[in-house]
Amino acid sequence: MAGAAALAIENERLQADVRARLAEVRESRARLVTVADQERRRLERDLHDGAQQRLVALALTLSRAGERLDDRDTAARALLADGERQLQRALAELRRLAAGIRPAILSDAGLGPALESLAENAPVPVTLSAEVDRRLPDSVESAAYFAVCEALTNAAKHAHATRVTVTAALDDGHLRVGVGDDGVGGAQLGGGSGLRGLVDRISALDGRLTLESPAGGGTRLEIELPCA
Amino acid sequence: MRVILADDSVLLREGLARMLADSGFQVAAQVGDAAALLAAVDADPPDVCIVDIRMPPTNTTEGLEAALQLRVRHPSVAVLVLSQYVETRYAMELLARGADGVGYLLKDRVGDVSELLAAIRSVAAGRSVIDPTVVSRLVGRRRQVDPMETLSAREREVLSLMAEGRSNRAIGERMFLSPKTVETHVSAVFSKLGIEDTADDNRRVLSVLTWLRDGGSAA
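Residue numbers (numbering that gives the first Met the number 0), protein chains in the order written: chain A, 0 to 227; chain B, 0 to 218.
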């Protein structure tokens, strides 16, 4: 009898231990995602305020040099023009790079405006209904944003969709985002799909991602993220 | 022409100041944040302010907010915002309270001195200037039911140039068309897209941009 009681107590203790460890792991996973997001934000800022400013100043210097150059020196003019073109390309690349890390509009204006900008620039027509009228935690905003990004890319590239609907709304302390397209379906979370990384990111935030994509029946992605 | 420069990057500010001086402008003041900009303009209003959209303390859009305040406090001072953002929302915010004498140019454009000087002179003359990259993003937008498809290539180009803030005369010069032909294209664009025509160039910029942003997307 005494042995059985001791066993039950020991069992209880072990279970409590496992629960505590699980909670710890969950918290540290969420922290990792949050820190990574802060880091992205800082990187984006450094690119804009550091490298980009310098390149723009350089463009200005080249341009002023060009004005002092003798018109008859066609070889030097051609070289300078080439340099200016390369610099413009570098600036454009830098802008794309910074946007891929964390778009400034997401940091500055939040999820709603950032989704608007995505829809505006999408390779397929997007109908957007975003009812997110407040700022959410950085990690939630960026997980949702990049999920929509990925879904739009898939819709255009693999699903050959002709239209996409994006919805985002707050509901009872949760952000719910849906992306549906009329493409060929057959999308999967595994493999090389960019969705895999998102699943990890979203579950680290205690959220859920579901994907429905029957062959020939379009694709529907749904995300739910707590953001009390 | 007197200019105030607001940019927290000293490197860029100095470069701009030198370029402007070379081109015959008088740089009245150089400042590094929005508060200093407002103070400088209050103290001695210039003809034009050139304002970086991102300045301390938060490095987000304080330049834009300062520009909007300047519009209210000093309506006669033209403002050219230099931005790192292609986002059309910021350009629209800037124009929303009157498009006369305001401009939204991508910072990359600074490398093209003649374009930059043209933009400064345009806003100083009371016109509006919107960066071609921002406009082309709006013009290239995919729409489900797309009235843009009914436009000819010429009409599309006219539409883009209108959205950049150019007058009929400037459009004609750029496309090598007579004023009469430009007018024909302009009215074709308006009737095909269902935009209300207006003789006022600045109001026209706003209505064209608004249509490009919102109008065509409704299915």
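Cβ atoms here follow ideal geometry from the backbone N, Cα and C, with glycine treated the same way.
**Opening and closing residue of the alpha helix (DSSP H) in which alanine 28/A lies** = The question names alanine, yet the displayed sequence has arginine at residue 28/A. Segment 1-45, the alpha helix (DSSP H) holding arginine 28/A.
**Euclidean distance between Cα positions of arginine 53/B and arginine 94/A** = Straight-line spacing of the CA atoms in arginine 53/B and arginine 94/A works out to 15 Å.
**Residue burial classification, valine 134/B (beta-carbon count within 10 angstroms, cutoff 16)** = buried
**Prompt:** Thinking just about the alpha-carbon of each residue, which of Ala29/A, Pro213/A and Gly185/A is nearest to the one in aspartate 261/A?
**Reply:** Outside the modelled stretch of chain A, which goes from 0 to 227, sits residue 261/A, for which no answer is possible.
**Asked** What residue ranges within the stretch 112-179 of chain A form continuous alpha helix (DSSP H) runs of no fewer than 4 residues, ordered along the chain?
**Response** 137-156
**Request:** Look at alanine 154/A and valine 131/A and say whether their C-beta atoms are less than 9 Å apart.
**Result:** Against a cut-off of 9 Å, the Cβ pair of valine 131/A and alanine 154/A comes out as no contact.
**Request:** Report, in whole angstroms, the separation of the C-beta atoms of valine 188/B and isoleucine 170/B, which I expect to be a contact under 8 Å.
**Result:** Not a contact, Cβ separation roughly 11 Å.
**Request:** Over the uninterrupted alpha helix (DSSP H) stretch that includes valine 71/B, give me the two end residues.
**Result:** Element bounds for valine 71/B: 61-72.
**Item:** Option nearest serine 22/B by Cα separation, candidates Gln14/A, Arg44/A and Ser62/A
**Value:** Nearest of Gln14/A, Arg44/A and Ser62/A to serine 22/B, Cα basis: Ser62/A.
**Request:** Please state if the CB of leucine 81/B and the CB of aspartate 200/B are separated by a distance shorter than 9 Å.
**Result:** no
**Message:** Less than 9 Å between the beta carbons of threonine 312/A and arginine 175/A, yes or no?
**Reply:** Since the first and last residues shown for chain A are 0 and 227, residue 312/A lies out of range.
**Collapsed DSSP secondary structure at serine 8/B in the structure displayed** = coil
**Request:** Closer than 9 Å by beta-carbon distance: list the chain B residues that pair up with serine 62/A, in chain order.
**Result:** Met18, Val109, Gly110, Asp111, Val112, Ser113 and Leu115
**Asked** DSSP puts glycine 102/B in a beta bridge; with which residues?
**Response** Leu79/B and Val128/B
**Request:** Using alpha carbons as the reference points, say which of Glu140/A, Pro122/A and Ala74/A lies closest to threonine 161/A.
**Result:** Pro122/A
**Residue from Asp46/B, Asp107/B, Arg88/B and Arg12/B with nearest C-alpha to glycine 100/B** = Asp46/B
**Prompt:** Between the stretch 133-148 of chain A and the stretch 213-227 of chain A, do at least 3 Cβ pairs fall closer than 8 Å?
**Reply:** yes
**Prompt:** Are there three or more Cβ pairs, one per stretch, closer than 8 Å when the stretch 25-43 of chain B is compared with the stretch 66-79 of chain B?
**Reply:** Put simply, the stretch 25-43 of chain B touches the stretch 66-79 of chain B. At least three CB pairs are less than 8 Å apart.
**Request:** Put leucine 192/B into one of helix, strand or coil per three-state DSSP.
**Result:** helix
**Asked** Is the distance from the Cβ of leucine 137/B to the Cβ of arginine 212/B below 9 Å?
**Response** yes
**Item:** Outcome for threonine 149/B when other beta-carbon atoms lying within 10 angstroms are tallied against a minimum of 16
**Value:** exposed
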